[in-house]
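**Student:**
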Amino acid sequence: MKIAVLGAGPGGYVAAIRAAQLGASVTVIEDIEVGGTCLNRGCIPTKTLVASAEVLDKAKNIQDFGIELNGSVAPNIQKILERKNKVVSIQVKGIRGLFKSWGIKILDGRGFIVNPKKIKVVLKDGSIEEVETDKIIIATGSRPAQIPMFSFDGEKILSSDDAVNLSHIPKSLLVIGAGVIGCEFAFIYREFGSEITMVEMMPRAVSTEDEEISEILEKELKKKKIKLIANIKVEKIEIKKNSVQAFLSDGKTVEAEKVLVSIGRAVNSRDIGLENIGVKTGQRGEIIVNDKMETNVEGVYAVGDVTGKIMLAHVASKQGIIAAENAAGGNASINYDTVPAAIFTSPEIASVGLREKQALDKGYKIKIGRFQFRALGKAHAMGEISGLIKIIADEQSDKILGAHIIGPHASDLIHEVALAINKGLTVKDIADTIHAHPTLSEGIMEAAEDVHGAAIHVPKK
Amino acid sequence: MNPENIKYHKEHTWVKISGKKAIIGITNYAQESLGDIVYIDLPDLDNTVDANTELTEIESTKTTSSVISPVSGTITEVNEDLAETPEIINEDPYGKGWIAVLEIEDKSQLDSLMDVSEYEKYLEEEAKLK
Chain A
25 MKIAVLGAGP GGYVAAIRAA QLGASVTVIE DIEVGGTCLN RGCIPTKTLV ASAEVLDKAK
85 NIQDFGIELN GSVAPNIQKI LERKNKVVSI QVKGIRGLFK SWGIKILDGR GFIVNPKKIK
145 VVLKDGSIEE VETDKIIIAT GSRPAQIPMF SFDGEKILSS DDAVNLSHIP KSLLVIGAGV
205 IGCEFAFIYR EFGSEITMVE MMPRAVSTED EEISEILEKE LKKKKIKLIA NIKVEKIEIK
265 KNSVQAFLSD GKTVEAEKVL VSIGRAVNSR DIGLENIGVK TGQRGEIIVN DKMETNVEGV
325 YAVGDVTGKI MLAHVASKQG IIAAENAAGG NASINYDTVP AAIFTSPEIA SVGLREKQAL
385 DKGYKIKIGR FQFRALGKAH AMGEISGLIK IIADEQSDKI LGAHIIGPHA SDLIHEVALA
445 INKGLTVKDI ADTIHAHPTL SEGIMEAAED VHGAAIHVPK K
Chain B
422 MNPENIKYHK EHTWVKISGK KAIIGITNYA QESLGDIVYI DLPDLDNTVD ANTELTEIES
482 TKTTSSVISP VSGTITEVNE DLAETPEIIN EDPYGKGWIA VLEIEDKSQL DSLMDVSEYE
542 KYLEEEAKLK
């Protein structure tokens, strides 16, 4: 069995490895770099920047921890980026090493589907190689979305691709779109010293999260002196000599040195030869797939952002595994009910399952448990007391429907609840489980207890 | 001691009237219950707030809590000192720890609030219930 994978991001490279594990002869075609957006321009670069920002924040408040610092602290963006590039390159080498170990062939070039059994690849040196295959997995990903009036120029109008490689820290930054990407960059560059203004069309920041979580994040934005203008559109942008001026729908203007446009992502489904084989796409150009990751063309699968489902690296990877197993003759299907998601703001946000409003809209009678990080000894010891854990449960069955966390290490804490939801466990199951002290995880246990009004470290209501 | 020249709300806020101006803060009982205050979300100027609704939120090392406005009005001043040193509220809840000034329209709302002796009696009753 020969399988060709078009694109080596977290969807494609994982699909390739699983296919090889199942005995297929695998060729991967990648026109930029293995690891895709996630590793080269997204998840990992931003997390190294977040790590630098966190160290800076701790250093600025070092006296709070009883440490004397003789001298000042300041971010050096060149060195921060050097570190970022080093981290990325280690991971890139790691993926290439895995490919080698599984005997996966990597072609560094751009692939075009000629027919369901053939991909033409224009290699980086301009030469052409044709790949004969039995099955194709399309994993071409997505790119920062732009609207014509805000065309990216890499100088003053930035995409997230640019924002992970800025050669200097802007004095001021206007962030259009206060979603996941916009908020992460806002906290990073605010810590590095930029004045930040965010403009969001929706009524709140991270509007896809539970409302209560958004509210707390907005307060944290305020604490950091990041200005959020919600419910407002940017209507026009004028580029000036040393700045950019944005005209807002309420008649006001915002001027900043640079603008980061983070309004979402567009799928990469053009110029890859889809029309040659008649793969069906939707309104946004997304490749339409079923829960086996099959397209309408037999033997052609699609995974990751290009399917427009849930644009998260870990969803792409799971889809990649499903596609690879099916391409190799299996019968796997995906379930999107329990997908944890994390946002690396300060503090972090993580969620899984239903939001409060979703649960009510679905007709559930719900019970909610809440627990504040500031009631945990560990949070005080760490000096990170802001945040909340919220667990939503079905009143009748006591099963957990959703969990929403804003606070230190939220992205790590969420998985206990993800497992619980995935396995249909009850609030009592979590509450009955002994949690180690002193940890942040105790907050999950307390929030579960609070669903039944029995949290120990919550005063009588 | 709880001052006599102000009115008290059952959610442990106080209001002091001077002309159309209503100065608002939290009571000594509130600051003691909250413990060390570490942050207060200063309300936005020119916003309006209704009596018995949240004026803003306050964070202590123990908990976060709503500050309920005892009267309706438009926010005309906020205590900017609280941005950097919110612990003033612990130190001087009826003085330097004031939170905001509202311009009020309807002074009759004051009638439903407690005077100091009523408030102290209310605190005693609350304590018995717990």
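Protein sequence lines, in the order shown, are assigned to chains A and B.
In short: position in the first sequence from 1, add 24, done, that's our numbering.
In short: position in the second sequence from 1, add 421, done, that's our numbering.
Note that beta-carbon positions come from the ideal geometry of N, C-alpha and C, so glycine has one too.
Ordered along the chain, which non-local residues of its own chain (more than five positions away) have a Cβ less than 8 angstroms from that of A354 of chain A?
**Tutor:** Residue identity differs from the one stated: residue 354 of chain A is Gly in this sequence, not Ala. Same-chain partners within the cutoff: L46.
**Student:** Measure the alpha-carbon distance for D329 of chain A versus A44 of chain A and round it to whole angstroms.
**Tutor:** Cα-Cα distance, rounded: 22 angstroms.
**Student:** Entirely within the stretch 299-328 of chain A and at least 3 residues each: give me those beta strand (DSSP E) ranges in chain order.
**Tutor:** Correct list: 324-326.
**Student:** If you measure between the beta carbons of I430 of chain A and I468 of chain A, is that distance less than 9 angstroms?
**Tutor:** Cβ atoms of I430 of chain A and I468 of chain A: not closer than 9 angstroms.
**Student:** CB-CB under 6 angstroms to W435 of chain B, same chain, minus the five flanking residues each way: which ones, in chain order?
**Tutor:** Excluding sequence neighbours, W435 of chain B sits near I427, Y429, G446, T448.
**Student:** Closest by CA to S184 of chain A, which one among A:K423, A:E318, A:L63, A:S286?
**Tutor:** Nearest option by C-alpha distance: A:S286.
**Student:** Y515 of chain B: buried (16+ other C-beta within 10 angstroms of its C-beta) or exposed?
**Tutor:** It counts as buried.
**Student:** By DSSP, does P483 of chain A sit in helix, in strand, or in coil?
**Tutor:** The answer is coil: DSSP assigns P483 of chain A none of H, G, I, E or B.
**Student:** Is G140 of chain A buried or exposed, if buried means 16 or more other CB atoms sit within 10 Å of its CB?
**Tutor:** According to the sequence as given, residue 140 of chain A is Pro; it is not Gly. That one is buried.
**Student:** By the criterion of Cβ-Cβ separation under 8 angstroms, what are the contact partners of K551 of chain B in chain A?
**Tutor:** The answer, in chain order, is K484.
**Student:** Whose C-alpha, out of A:K103, A:V138, A:K84, A:T164, is nearest the C-alpha of N94 of chain A?
**Tutor:** Closest option to N94 of chain A, Cα to Cα, is A:K84.
**Student:** List the residues of chain B whose Cβ lies closer than 7 angstroms to the Cβ of Q396 of chain A, in chain order.
**Tutor:** Those are T484, T485, listed as they occur along chain B.
**Student:** Strictly under 9 angstroms for the Cβ-Cβ distance: is H461 of chain A near chain B by that measure?
**Tutor:** No, because no Cβ of chain B sits closer than 9 angstroms to the Cβ of H461 of chain A.
**Student:** Whole-angstrom Cβ separation of Q269 of chain A and E262 of chain A, contact assumed at under 8 angstroms?
**Tutor:** Yes, they are in contact, since the Cβ atoms of Q269 of chain A and E262 of chain A sit about 5 angstroms apart, within 8 angstroms.
**Student:** Can you find a C-beta in chain A that's less than 9 angstroms from the C-beta of Y460 of chain B?
**Tutor:** Cβ-Cβ to chain A under 9 angstroms: yes for Y460 of chain B.
**Student:** The alpha helix (DSSP H) spanning V441 of chain A covers which residue range?
**Tutor:** Note, V441 of chain A: alpha helix (DSSP H), 434-446.
**Student:** Note down, in chain order, every chain A residue with its Cβ under 8 angstroms from the Cβ of E392 of chain B.
**Tutor:** In the structure as shown, chain B starts at 422 and stops at 551, and residue 392 of chain B therefore has no counterpart that could be examined.
**Student:** So, using beta-carbon positions, are L147 of chain A and D132 of chain A closer together than 9 angstroms?
**Tutor:** Their beta carbons are under 9 angstroms apart, which means L147 of chain A touches D132 of chain A by this criterion.
**Student:** Tell me, to the nearest whole angstrom, how far the beta carbon of G411 of chain A is from that of D88 of chain A; I am working on the premise that it is less than 8 angstroms.
**Tutor:** Wrong, their Cβ atoms sit about 18 angstroms apart, outside the cutoff.
**Student:** Got a sec? Which residues, its chain only, sit under 8 angstroms from Q115 of chain A by beta carbon, not counting five neighbours each side?
**Tutor:** Taken in chain order, the residues that qualify are G59, L63, I68.
**Student:** Mapping DSSP to helix, strand and coil, what is K26 of chain A?
**Tutor:** K26 of chain A falls in the strand class under three-state DSSP.
**Student:** Could you give the distance in angstroms between the alpha-carbon of G150 of chain A and the alpha-carbon of I53 of chain A?
**Tutor:** Between G150 of chain A and I53 of chain A, the C-alpha separation is close to 14 angstroms.
**Student:** For A163 of chain A and G33 of chain A, which I take to be in contact (beta-carbon distance under 8 angstroms), what is that distance rounded to the nearest angstrom?
**Tutor:** A163 of chain A to G33 of chain A, Cβ: 6 angstroms. Contact.
**Student:** Tell me which residues share the same chain as K26 of chain A and place their Cβ nearer than 6 angstroms to its Cβ, disregarding the 5 neighbours each side in the sequence.
**Tutor:** Closer than 6 angstroms at the Cβ level, and outside the excluded window around K26 of chain A, lie S49, T157, D158.
**Student:** Quick one: list the residues of chain B neighbouring K246 of chain A, beta-carbon separation under 9 angstroms, in chain order.
**Tutor:** Per Cβ cutoff of 9 angstroms: D462, L463.
**Student:** For the stretch 398-417 of chain A, enumerate the residues whose C-beta is nearer than 9 angstroms to any C-beta of chain B, in chain order.
**Tutor:** Per Cβ criterion, the list reads R398, A399, H404, I409, S410, L412.
**Student:** Secondary structure at F176 of chain A, three-state DSSP: helix, strand or coil?
**Tutor:** Looking at F176 of chain A - three-state DSSP - the assignment turns out to be coil, as it is neither helix nor strand.
**Student:** Which partner residues of V436 of chain B appear in the DSSP bridge assignment?
**Tutor:** The partner list for V436 of chain B (beta bridge, DSSP) reads B:K428, B:I445.
**Student:** DSSP on Y388 of chain A, reduced to helix/strand/coil?
**Tutor:** Y388 of chain A: coil per DSSP, three-state reduction.
**Student:** Under 6 angstroms Cβ to Cβ from S386 of chain B, same chain only, skipping five residues before and after it: list those, please.
**Tutor:** No answer is possible for residue 386 of chain B: it lies beyond the span of chain B, which begins at 422 and ends at 551.
**Student:** With a cut-off of 9 angstroms, does the C-beta of S481 of chain B fall near any C-beta of chain A?
**Tutor:** By this cut-off, S481 of chain B is an interface position.
**Student:** Counting only runs of 3+ residues fully inside the stretch 203-249 of chain A, write out the beta strand (DSSP E) ranges in chain order.
**Tutor:** Listed in chain order, they are 219-224.
**Student:** Tell me K159 of chain A's beta-bridge partners as DSSP assigns them.
**Tutor:** In DSSP, K159 of chain A forms a bridge with A:I27.
**Student:** Can you give me the Cβ contacts of I240 of chain A inside the same chain, cut-off strictly under 8 angstroms, excluding the 5 residues immediately before and after it?
**Tutor:** Hits under 8 angstroms: S410, G411, L412, I430.
**Student:** Just to confirm, is the Cβ distance from G165 of chain A to A28 of chain A under 9 angstroms?
**Tutor:** No. Outside cutoff.
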